[in-house]
Structures are given as C-alpha cells and as structure tokens.
Amino acid sequence: KTSPRMRQVISSMIQHMHDFVRENEITMDEWMAGIDFINQAGKMSDDKRNETQLLTDIIGLESLVDEVTFTLAGEANDAPTATAILGPFWRKDAPKRKMGETIVFGIEDGDHTWMHGTVTDFNTGKPIENAELDVWHTAPNGLYEQQDPDQPDMNLRGRFTTGPDGKYDFYCLRPTSYPIPDDGPGGKLLQLLDRHPMRPAHIHFIVSAPGYRPIVTQIFDRRDEHIKDDTVFAVKDSLIVDFLPFEGDPKAQFELPYDFKLASF
Ligand code: DHB
Ligand code: FE
Numbered sequence: 002k003t004s005p006r007m008r009q010v011i012s013s014m015i016q017h018m019h020d021f022v023r024e025n026e027i028t029m030d031e032w033m034a035g036i037d038f039i040n041q042a043g044k045m046s047d048d049k050r051n052e053t054q055l056l057t058d059i060i061g062l063e064s065l066v067d068e069v070t071f072t073l074a075g076e077a078n079d080a081p082t083a084t085a086i087l088g089p090f091w092r093k094d095a096p097k098r099k100m101g102e103t104i105v106f107g108i109e110d111g112d113h114t115w116m117h118g119t120v121t122d123f124n125t126g127k128p129i130e131n132a133e134l135d136v137w138h139t140a141p142n143g144l145y146e147q148q149d150p151d152q153p154d155m156n157l158r159g160r161f162t163t164g165p166d167g168k169y170d171f172y173c174l175r176p177t178s179y180p181i182p183d184d185g186p187g188g189k190l191l192q193l194l195d196r197h198p199m200r201p202a203h204i205h206f207i208v209s210a211p212g213y214r215p216i217v218t219q220i221f222d223r224r225d226e227h228i229k230d231d232t233v234f235a236v237k238d239s240l241i242v243d244f245l246p247f248e249g250d251p252k253a254q255f256e257l258p259y260d261f262k263l264a265s266f
C-alpha cells in the first residue's frame with residue numbers, strides 16, 4: 002500500500018511539473034527533446050557511470066537534498082562533521098584495509114599524503130570504536146579507478162575500522178581538481194548553462210559506526226582554484242582542509258590531520 006509520504010511526494014512532484022509546463026508553454030517538440038535527453042543519460046548509465054545522477058548534481062539537486070536532509074550537521078565547532086553529496090563514483094565493497102596501509106597502487110607521481118585522526122562522539126567527545134571509514138578519490142589524471150582502464154580495480158579506495166582509541170590513519174594522495182565527465186548529456190547541460198565542469202580537489206568519505214548516524218561527506222583542499230565555484234555545489238566551509246608539508250616519512254610529502262565527529266541516534 003502506498004504510504005502517505007509517498008502519496009504526498011509524488012503528487013507534489015506532478016503538480017510542480019504541470020506548473021512548469023503551463024508557465025513555460027512547453028511545446029511538443031521541446032517535451033520530446035527533454036525526454037530524449039533523459040533517455041540518453043539513462044542509456045549511458047551503468048554500475049560504472051551514473052549520468053542521470055550527474056544531471057541532478059549539475060543543477061544542484063543532490064546538494065540541496067543534502068542541505069535539507071542534514072540540518073543537524075552544521076558549520077559550528079561543536080556540531081557533527083558536516084555532510085556533502087555522495088556523487089556518482091562511490092562503489093560498494095571497497096577493500097577492507099589495515100590502519101596505516103595505503104590506498105594508492107601503481108602511482109609514483111602525485112603528492113603522497115598521510116591522513117590521520119580520530120572518530121569521536123560529538124556529544125561526549127569520546128573516541129568511537131568500530132567506526133568504519135570508507136574513502137575514495139581520483140588519481141592525478143582526474144579519473145576514478147572505474148573510469149580508467151590503467152588503474153587496478155578498487156585503486157584509491159579502502160575501508161578502515163577503528164579500534165578502542167577511535168583513531169584511523171592511512172596513506173592517500175593530495176587530490177587533484179578535475180572536470181566531471183562532460184562527454185554526455187551532463188556536458189551538454191553545462192554548455193547550455195554556460196558553465197565549467199570543474200570540481201575542486203576532494204576526498205570522499207562515508208563514516209559510520211554502530212549506534213551513530215552515518216555521514217556521507219567530502220573534504221576539500223583550500224588551495225584549489227575552484228574551491229568557491231564547485232560545479233556540483235558541494236563545498237561547505239567546515240569541510241575545507243589544509244594539507245601540511247610533512248618531513249621524515251619516505252612514504253609521504255604531506256600530512257592531513259582530520260577528525261570526524263558523529264552524532265548518536
Ligand atoms: C560528482 C561528484 C563527484 O564527487 C565527482 O567526483 C564527480 C561528479 C557529481 O556530483 O556529479
Ligand atoms: Fe568525487
């Protein structure tokens with residue numbers, strides 16, 4: 002049976018779409034072109050590429066859903082870590098790795114980084130045991146592993162589980178800014194809107210722990226020239242970080258300390 006919520010959401014959507022057609026006196030040709038556009042995005046989408054999601058991201062919808070859904074996570078120091086959109090490149094079942102391991106394989110260039118911190122309960126400040134950090138980012142060529150036949154499967158991805166001290170650490174790269182894929186309907190839409198396809202350099206996380214609200218988020222490199230005009234509108238001030246020069250570790254030229262704060266259910 003249809004839930005009251007579902008009934009409400011679907012009728013509201015239909016009503017808004019009727020209004021849209023009426024207000025703009027949409028012609029049959031325009032309507033068919035719109036359908037064709039969405040079909041093209043659908044045909045391009047599979048488990049490696051989600052063009053339909055990309056379209057909604059370009060018009061700011063995923064960021065808006067994030068904003069209206071996660072009012073708890075704010076910008077203040079005493080708030081849980083702010084959330085940001087998932088984006089189309091997360092993969093389930095990223096390899097589980099041990100603390101201190103690397104997620105970087107077969108990439109010698111790039112700014113190697115030691116990222117570390119603690120997952121804490123934002124109410125009590127206590128460390129959280131058994132928190133899982135699921136992390137993913139792009140290679141220096143701007144491609145996620147599933148977009149790039151030259152990278153090993155599941156490269157630059159990993160899942161780490163904290164011990165009793167709530168601490169985590171691993172090696173990754175200082176990420177690179179890059180264009181979202183613009184060779185399909187997403188690119189066409191950006192062109193129509195006269196917009197660039199660039200996202201500021203970022204690293205994605207899903208942080209979860211038993212008894213806590215999971216957060217989907219990203220951190221952004223302050224030095225990035227696109228930090229103020231992310232093409233999918235995901236940047237929040239509290240998620241902007243500084244990579245620090247790091248000496249004495251042959252495995253990394255940068256260090257990134259970052260703590261995640263979760264809210265309990
Ligand atoms: C989008 C998000 C990303 O994290 C990314 O790397 C590319 C695109 C998006 O929201 O469409
Ligand atoms: Fe991304």
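For the sequence shown, the working numbering begins at 2 and goes up steadily by one.
Ideal Cβ placement from N, Cα and C applies to all residues, glycine included.
For clarity, every value in this text was computed on a predicted model and none was experimentally measured.
Check: Is the stretch 153-172 touching the stretch 100-110 in the sense that three or more CB pairs, one from each, lie closer than 8 Å?; Outcome: yes
Check: Quick one: is the Cβ of PHE90 within less than 7 Å of any heavy atom of the ligand FE?; Outcome: yes
Check: Excluding the 5 residues flanking VAL105 on each side, which residues of the same chain have their C-beta closer than 8 Å to its C-beta?; Outcome: GLY111, HIS113, ASN156, LEU157, TYR172, CYS173, LEU174
Check: If the criterion is Cβ atoms closer than 8 Å, does the pair GLU130 and GLY159 meet it?; Outcome: no
Check: Counting beta carbon pairs with one atom in the stretch 20-28 and one in the stretch 148-155, are three or more of them shorter than 8 Å?; Outcome: no
Check: Ordered along the chain, which non-local residues of its own chain (more than five positions away) have a Cβ less than 7 Å from that of TYR259?; Outcome: MET116, GLY118, ILE220, VAL242
Check: Which residues in the same chain have their Cβ closer than 6 Å to the Cβ of SER46, if we skip the five residues on either side of it in sequence?; Outcome: GLU52, THR53
Check: Go ahead and pull the three-state DSSP assignment for SER64.; Outcome: helix
Check: Tell me whether HIS227 counts as near the ligand FE, meaning its Cβ is closer than 7 Å to at least one heavy atom of that ligand.; Outcome: no
Check: Name the residue from THR84, HIS19, TYR179 whose alpha carbon lies nearest to the alpha carbon of SER239.; Outcome: THR84
Check: How big is the Cα-Cα spacing for ASP37 and GLY188?; Outcome: 15 Å
Check: With DSSP as the reference, label VAL120 as helix, strand or coil.; Outcome: strand
Check: In chain order, what residues of the same chain lie with their CB nearer than 7 Å to the CB of PHE247, ignoring the 5 residues before and after it?; Outcome: TRP115, ALA253, GLN254, PHE255, GLU256
Check: Assign PRO1 to one of three DSSP states: helix, strand, or coil.; Outcome: In the structure displayed, the chain extends from 2 to 266; residue 1 sits before or after that span and is not available.
Check: Straight-line CA distance for ILE228 to VAL208?; Outcome: 23 Å
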